[in-house]
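Novice:
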Amino acid sequence: MERQGKRRRRVVLVPWPFQGHINPILQLGSILHSNGFSVTVVHTQYNPPDPSSHPDFSFLSLPDTSSDYNVLTGDALDFVLQLNAKCKARSRECLAEVMRQQGSDNGIACIIYDEYMFLSEETAKDLNLPSIILRTSTASNFLARTALIQLKTEGHIPFPESRSQDPVPKLYPLRFKDLPFSIFANLENFLQIVSKTSNSKTSSAIIHNTINCLENSSLAKIQQQCQIPIFPIGPMHKIASASSSSLSEEDSSCLAWLHKQSCNSVIYVSLGTIAFMDVKELVEMAWGLTNSRQPFLWVVRPGSVHGAEWIEVLPKSLKENIEERGYIVKWAPQKKVLAHNAVGGFLSHCGWNSTLESICEGVPMICRPCFEDQRVNARYVSHVWNVGLELESELERGEIERTIRRLMVDEEGKEMRKRGKNLKERIEFCIKEGGSSNNSLNKLIEMIMSF
Ligand code: UDX
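Heads up: the sequence shown at position 346 corresponds to 352 in our numbering, and the numbers run straight through without jumps.
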């Protein structure tokens, strides 16, 4: 709803250029746009968003030179630091230009930046503009990530394999193996990234794409530690209008296939945009899925299997088995898939967007986390919200088959589905008028209007 009587002010959004970060910041843009703000997206040339999906926004490109970065083989710390450094000068010029064009009384209200684009805090300060941080993962992950620094100082990490199941001091319910380590940077480098992304000095607030009813105590802890307000306004994909910000082409043919399946029968499988597997794991997954005797919809992202282009490495006989009860695509319209009544479970890497999208549709999960926050999310799904099972061991066909049947067929899975439905309803309540996310959003809007 457009706010009457207020002049349309502009917010500048600065995304971190990966799908799991672009989606929430553009959703935030849609939410703010429908609340009366103009939106400018200042983005890198690496993984640029598609302006045609958001005709109401303005887009400005920063001339970074990182387009050849390979997330799987590149040095993560180097990428984070370089991208921030390279974008800095141009970002100031860009925004100064926008400010000139807009005029002094109807200019930029504030810059909202993904925590990984921390250069924006300084840009905002230089231009005398307020700034707000967007954290696209959970509050619990933020606590775990920042705790890594202390755990390192106290000599708890790195930890021996024998301690992997031990609880981490003061981080219930996490075990050492659930800590959000990166596999793209060594510990020292990763801690530098953590420190860069958690030490804001001048930003005015923090937006979290999470919900009070999921993370009350973690949010309260963060609020105790920091002086600026925290706005948990999630799930943003449920509040924003439904435009797609997908960087890959969605194969919607799977929806027609889903229409032919019975209610709650299909297990949907996707490991998101960065996680990967090797050929052996691909084959184990394929056997586990077919042996489960449940229909399945499986996203195999091209390039996500080391040593293969796509699924050409699967034996012919196995492919024939798959065709009997499965459907494989390169990229799915995931939100529509999860909302489809045929889908009864989600085998996921537990990226936060996927986790939130699943929880919001009441779809219970099988968690197969790979790195960073995915491990924290998996632990919360399986041990706090109790709407999923974790695949703890190596990907092995027997274990995959058993876990799918536990979730899709057994009493245990039915109980999870009931809890999932209940959680879905509680979340719906949070985004309605008077609900916690709605209240936080109103306070955020008031703050931006007051700048
Ligand atoms: C990355 C990090 O790996 C993750 O830990 C962090 O929480 C967010 O960024 P990513 O792999 O991108 O995660 O996963 P996720 O957060 O789940 O985001 C993936 C997005 O792509 C979701 O919004 C999902 O709906 C979308 N998607 C995925 C599709 O639209 N189609 C697909 O086939 C698969």
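The beta-carbon is built from N, C-alpha and C at its ideal position, and this holds for glycine as well.
With a floor of 4 residues, list each alpha helix (DSSP H) that falls wholly inside the stretch 214-263, ordered by position along the chain.
Specialist: 218-231 and 242-245
Novice: Scan the stretch 306-381 and note each continuous beta strand (DSSP E) run of 3 residues or more that stays entirely inside, going in chain order.
Specialist: As far as the stretch 306-381 is concerned, its whole beta strand (DSSP E) runs of at least 3 residues are 332-335, 349-354 and 371-373.
Novice: Just to confirm my understanding: we take Pro57, look at its own chain, exclude 5 residues before and 5 after, and list those with CB closer than 6 angstroms. What are they?
Specialist: As a first step, residue 57 must be located in the sequence shown, where it is residue number 51. Same-chain partners within the cutoff: Phe65.
Novice: Can Ile406 and Met291 be called in contact, C-beta distance under 8 angstroms?
Specialist: Here residue 406 corresponds to residue number 400 of the sequence shown, with the count starting at 1. Here residue 291 corresponds to residue number 285 of the sequence shown, with the count starting at 1. Cβ atoms of Ile406 and Met291: closer than 8 angstroms.
Novice: Taking 8 angstroms as the threshold (C-beta atoms), are Ser276 and Ser210 in contact?
Specialist: Mapped onto the sequence shown, residue 210 falls at position 204. Mapped onto the sequence shown, residue 276 falls at position 270. For Ser210 and Ser276, no; Cβs fall outside 8 angstroms.
Novice: Note the first and the last residue of the continuous alpha helix (DSSP H) segment covering Gly404.
Specialist: Position 398 of the sequence shown, counted from the start, is the residue given in the question as residue 404. Run containing Gly404: Arg403 to Met414, per the alpha helix (DSSP H) assignment.
Novice: Could you have a look at Asp70 and say whether DSSP puts it in helix, strand or coil?
Specialist: Reading the sequence shown from its first residue, position 64 is the one you call residue 70. The answer is coil: DSSP assigns Asp70 none of H, G, I, E or B.
Novice: Assuming Ile213 and Leu34 form a contact by the criterion Cβ under 8 angstroms, report the distance between their Cβ atoms to the nearest whole angstrom.
Specialist: Mapped onto the sequence shown, residue 213 falls at position 207. Mapped onto the sequence shown, residue 34 falls at position 28. Indeed, because the Cβ distance is near 7 angstroms, the residues count as touching under 8 angstroms.
Novice: Can you pull the DSSP bridge partners for Thr159?
Specialist: Working through the sequence shown from its first residue, we reach residue 159 at position 153. The partner list for Thr159 (beta bridge, DSSP) is empty, contrary to what the question assumes.
Novice: Tell me whether the beta-carbon of Leu225 lies closer than 8 angstroms to the beta-carbon of Ile236.
Specialist: Stepping through the sequence shown from its first residue, residue 225 is reached at position 219. Stepping through the sequence shown from its first residue, residue 236 is reached at position 230. Between Leu225 and Ile236, the C-beta spacing is below 8 angstroms.
Novice: How would you write the range of the alpha helix (DSSP H) that Ile454 sits in, first residue to last?
Specialist: Counting from 1 along the sequence shown, the entry for residue 454 is found at position 448. Start and end: Ser442 to Ser456.
Novice: Closer than 8 angstroms is the cut-off here; do at least three beta carbon pairs connect the stretch 161-171 with the stretch 132-152?
Specialist: no
Novice: Compute the distance between the beta-carbons of Thr50 and Pro23, then report whether it is under 8 angstroms.
Specialist: As a working mapping, residue 50 is identified with position 44 in the sequence shown. As a working mapping, residue 23 is identified with position 17 in the sequence shown. The answer is yes: Cβ separation under 8 angstroms.
Novice: Does the ligand UDX have a heavy atom nearer than 7 angstroms to the CB of Gly309?
Specialist: The residue labelled residue 309 in the question sits at position 303 within the sequence shown. Gly309: no, Cβ never under 7 angstroms from the ligand UDX.
Novice: Rounding to the nearest angstrom, what Cα-Cα distance links Ile31 and Val393 in this structure?
Specialist: Along the sequence shown, one-based indexing puts residue 31 at 25. Along the sequence shown, one-based indexing puts residue 393 at 387. The C-alpha of Val393 is placed about 26 angstroms away from the C-alpha of Ile31.
Novice: Nearest CA to the CA of Leu395: which residue from Ser354, Gln230 and Gly80?
Specialist: Numbered from its first residue, the sequence shown carries residue 395 at position 389. When each option's Cα is compared against that of Leu395, the closest is Ser354.
Novice: Does the Cβ of Asn428 have 16 or more other Cβ atoms within 10 Å, making it buried, or fewer, making it exposed?
Specialist: Within the sequence shown, the letter at position 422 stands for residue 428. Asn428 should be labelled exposed.
Novice: What does a CB cutoff of less than 6 angstroms around Thr129 pick up in its chain, not counting 5 residues either side in sequence?
Specialist: The residue you call residue 129 lines up with position 123 of the sequence shown. Hits under 6 angstroms: Ser97 and Arg98.
Novice: Evaluate the contact criterion for the stretch 373-386 versus the stretch 166-184: three or more CB pairs, one atom per stretch, below 8 angstroms.
Specialist: yes
Novice: Say the cut is 7 angstroms; is the CB of Gly426 nearer than that to a heavy atom of the ligand UDX?
Specialist: The sequence position of residue 426 within the sequence shown is 420, counting from 1. Checking every heavy atom of the ligand UDX against the Cβ of Gly426, none is found closer than 7 angstroms.
Novice: Within 8 angstroms (strictly less), CB to CB, does Ala91 reach chain D?
Specialist: Here there is only one protein chain, and chain D is not present.
Novice: Between the stretch 261-274 and the stretch 236-251, do three or more beta carbon pairs fall short of 8 angstroms?
Specialist: Contact between the stretch 261-274 and the stretch 236-251 is absent: fewer than three C-beta pairs spanning the two stretches fall below 8 angstroms.
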